[in-house]
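Student: The opening residue of the sequence shown carries number 3 in the numbering used here; numbering runs sequentially from there. C-beta atoms are modelled at their ideal positions from N, C-alpha and C, and glycine is treated no differently. Before we start, here is the structure in question, set down as structure tokens.
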Amino acid sequence: MSSLLIHVVLLCYLGSLAGLLVALAFEAPKGSTYLYWVLVALNGAIALYVMAEAVCAIIVRACYPPNKQFSAPIPNVDGGEQDTNKQHVLSLAKYKNVPFEQYSSTCIIAAYLPNEKDIILETVTHFLTNVEFPCAYAIVLAYNTPQDLPVETELRALSMRSGGRFVALRVPHSTSKAENVNFALAALANKQSPTHVVSIFDADHLPYRDSICQAIATLDASQKSVCVQGRCIVRNSRESIVARLIEPEFDMIYNIFHVGFNAIHRHGLFGGSNGHWRAPVLVALLMDESMLTEDIDLAVRALSNNMHIVYDHRVRSSEEAPTTVGAYVKQRQRWAQGWFQITLHRSFWAMGTTRSFGRKLGFFFFLIFRELAYHFNAILTLQVIIGLVRAPSVNNYIWILVGTFAFLCITVLVSVQNKFNGLLFCLLYLPYSYLQMYIVLVSEIKEFLAIAKWKVTQRAPVKNTSDSPIQASL
3 MSSLLIHVVL
13 LCYLGSLAGL
23 LVALAFEAPK
33 GSTYLYWVLV
43 ALNGAIALYV
53 MAEAVCAIIV
63 RACYPPNKQF
73 SAPIPNVDGG
83 EQDTNKQHVL
93 SLAKYKNVPF
103 EQYSSTCIIA
113 AYLPNEKDII
123 LETVTHFLTN
133 VEFPCAYAIV
143 LAYNTPQDLP
153 VETELRALSM
163 RSGGRFVALR
173 VPHSTSKAEN
183 VNFALAALAN
193 KQSPTHVVSI
203 FDADHLPYRD
213 SICQAIATLD
223 ASQKSVCVQG
233 RCIVRNSRES
243 IVARLIEPEF
253 DMIYNIFHVG
263 FNAIHRHGLF
273 GGSNGHWRAP
283 VLVALLMDES
293 MLTEDIDLAV
303 RALSNNMHIV
313 YDHRVRSSEE
323 APTTVGAYVK
333 QRQRWAQGWF
343 QITLHRSFWA
353 MGTTRSFGRK
363 LGFFFFLIFR
373 ELAYHFNAIL
383 TLQVIIGLVR
393 APSVNNYIWI
403 LVGTFAFLCI
413 TVLVSVQNKF
423 NGLLFCLLYL
433 PYSYLQMYIV
443 LVSEIKEFLA
453 IAKWKVTQRA
463 PVKNTSDSPI
473 QASL
């Protein structure tokens with residue numbers, strides 16, 4: 003019933019918008035002309051902003067390239083102990099000026115275990131064997147499950163074999179990632195030995211070998227920073243056309259937007275996974291368990307308190323993208339409603355709290371303007387349709403779409419690592435973007451109607467794939 007109500011409200015909104023635009027076109031042609039130039043100006047401003055981000059990103063990536071020496075995992079010997087001597091010396095040579103002995107690291111892997119039971123052992127084993135820790139460390143799996151699962155026995159056995167390096171914490175009564183992470187942070191706060199850096203990962207994330215080293219080095223080099231956000235790379239793009247479309251989208255986000263945003267606004271954003279925090283700050287802030295996107299909320303609260311988050315594209319981790327349209331829609335609906343929730347509840351408070359004008363501008367762009375952009379897209383689409391019906395030969399709105407599409411293709415093909423997937427993304431961009439617009443508009447209506455439920459993104463069945471998280475060309 004609620005789904006039907008949401009779509010009725012959406013159709014009423016789009017119908018009212020279309021009626022208003024038709025009336026404007028026929029009854030007030032000058033008003034329609036003004037609207038056209040407003041849309042041209044908005045799309046031009048977005049294009050210039052993205053161009054500035056792209057230029058900054060190209061310069062930053064050229065000056066600070068990721069170290070390809072660390073693109074291969076550490077090999078295991080006889081399936082047991084790892085031969086780390088040579089690689090360890092090679093890797094730490096890059097960080098010879100970093101006082102790792104002053105740090106200790108804890109990685110928190112948050113999981114809803116029924117959804118992650120097929121991959122969680124692989125993930126934990128990867129952390130224990132293929133990730134270099136240059137200092138004292140611990141790996142904490144904070145998970146929730148409504149019923150006992152056989153994999154829990156295997157996790158306890160792995161914990162015993164790890165010599166205290168891995169701990170599995172079952173969080174009672176938890177229904178969200180935020181509760182799992184907060185439970186783990188409370189356990190850390192009660193430890194006698196302090197933890198200096200806490201890294202947060204989702205259960206499907208496999209960090210690259212030097213990710214923790216690079217994250218600690220970046221925090222040490224920037225003492226004012228409280229968090230380092232790393233780059234996330236899709237590793238299962240060959241599994242479906244949906245994953246193939248998400249891979250170039252992520253490449254564009256992390257190769258262009260994050261790098262450029264960090265360069266322009268002088269701060270980055272925490273994206274929920276592959277984020278590395280100074281432990282006292284994270285323990286003080288915690289995650290808001292009432293928010294659907296607790297990660298963005300945490301970033302907004304930190305930034306509004308004049309804390310500094312930095313983005314480092316050299317801190318790399320791979321993840322699995324949804325492989326079906328249904329899983330994609332569920333994931334993006336939660337993200338979209340979470341972003342809108344934060345925009346409603348945090349944006350004006352954050353802009354009023356922070357002292358930095360650049361940070362105020364950043365809040366406006368990635369919260370308020372981001373939401374409005376989808377409504378501008380709806381207006382532009384309706385104007386194109388009205389123009390095609392009214393006067394196809396003089397439909398100037400189409401040229402806005404053509405210009406936006408051409409600029410997008412250039413941006414995508416410059417930033418993606420897999421050119422075939424990038425080309426596919428460009429070819430299917432219009433239906434893909436309209437699906438995103440539909441998801442956002444539905445999510446906004448759900449938030450207004452107070453329909454909020456945290457839904458897990460279902461994992462695809464485990465497959466053997468040649469897409470290695472470490473083989474991705476960067």
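(1) Report yes or no: do three or more beta-carbon pairs, one from the region 102-112 and one from the region 139-146, lie closer than 8 Å?
(2) Taking buried to mean at least 16 other C-beta atoms within 10 Å of its own C-beta, is residue 337 buried or exposed?
(3) So is residue 21 buried or exposed if we call it buried at 16+ other beta carbons inside 10 Å?
(4) Quick one: residues in its chain with C-beta nearer than 6 Å to the C-beta of residue 334, no 5 flanking neighbours on either side, listed in chain order?
(5) Quick one: what does DSSP say residue 481 is sitting in, helix, strand or coil?
(6) Closest to residue 307 by CA distance: which of 273, 315, 348 is it?
(7) Only counting the same chain, and skipping five residues up and downstream in sequence, which positions put a Cβ closer than 8 Å to that of residue 101?
(8) So, are the CB atoms of residue 423 and residue 249 less than 8 Å apart?
(9) With a 10 Å radius around its C-beta and 16 neighbouring C-beta atoms as the bar for buried, classify residue 61 as buried or exposed.
(10) Can you tell me where the beta strand (DSSP E) with residue 171 in it begins and where it stops?
(11) To which residues of the same chain is residue 290 closer than 6 Å at the C-beta, ignoring the five residues directly before and after it?
(12) What do you get for residue 103, buried or exposed, if any count of 16 or more other CB atoms within 10 angstroms of its CB means buried?
(13) What are the boundary residues of the alpha helix (DSSP H) that residue 363 is part of?
(14) Determine the extent of the beta strand (DSSP E) in which residue 2 is found, giving its start and end residues.
(15) Does residue 272 come out as helix, strand or coil in the three-state DSSP assignment?
(16) Using the three-state DSSP reduction, which class does residue 79 fall into: helix, strand or coil?
(17) What's the call for residue 81, buried or exposed, on a 16-neighbour Cβ count within 10 Å?
(18) Quick one, are the C-beta atoms of residue 245 and residue 271 less than 8 Å apart?
(19) Indicate the three-state DSSP secondary structure (helix, strand or coil) for residue 165 in the structure shown.
(20) If you check the beta carbons only, do residue 285 and residue 190 fall under 8 Å apart?
(21) Could you tell me the boundaries of the beta strand (DSSP E) in which residue 297 lies?
(22) Here's the rule I'm using: 16 or more other beta-carbon atoms within 10 Å means buried, otherwise exposed. How should residue 448 be labelled?
(23) Compare the Cα-Cα distances from residue 263 to each of 234, 311, 317 and report the closest residue.
Tutor: Let's see:
(1) These segments touch.
(2) That one is buried.
(3) Taking all protein chains shown into account, residue 21 has fewer than 16 neighbouring C-beta atoms within 10 Å of its C-beta and is therefore exposed.
(4) Around residue 334: 441.
(5) This structure leaves residue 481 out entirely; the chain is present only between 3 and 476.
(6) It is 348 whose Cα lies nearest to the Cα of residue 307.
(7) For residue 101, where only same-chain residues beyond five positions count, the Cβ hits under 8 Å are 222.
(8) A contact, by the Cβ cut-off of 8 Å.
(9) Flag for residue 61 reads exposed.
(10) Per DSSP, the unbroken beta strand (DSSP E) holding residue 171 starts and ends at 168-172.
(11) Once the five neighbours on either side are set aside, the close Cβ partners of residue 290 are 296, 299.
(12) Classification of residue 103: exposed, given that the 10 Å Cβ count is below 16.
(13) Per DSSP, residue 363 is one residue of the alpha helix (DSSP H) stretching across 359-365.
(14) Look at the range of the chain in this structure, 3 to 476, and you will see that residue 2 is not part of it.
(15) In the structure shown, residue 272 sits in coil (DSSP, three-state: anything other than H, G, I, E or B).
(16) With a pLDDT of 31 at residue 79, under the threshold of 50, the modelled position of this residue cannot be trusted, and the question is left open.
(17) Interpretation of residue 81 is limited by its pLDDT of 36, a score under 50 that renders its predicted location unreliable; no figure is taken from the coordinates.
(18) In this structure, residue 271 does not lie closer than 8 Å to residue 245 by Cβ.
(19) Residue 165 falls in the coil class under three-state DSSP.
(20) Against a cut-off of 8 Å, the Cβ pair of residue 190 and residue 285 comes out as a contact.
(21) Residue 297 -> not in any beta strand (DSSP E); alpha helix (DSSP H) instead, spanning 296-306.
(22) The residue is buried, with at least 16 neighbouring Cβ atoms inside 10 Å.
(23) Closest option to residue 263, Cα to Cα, is 311.
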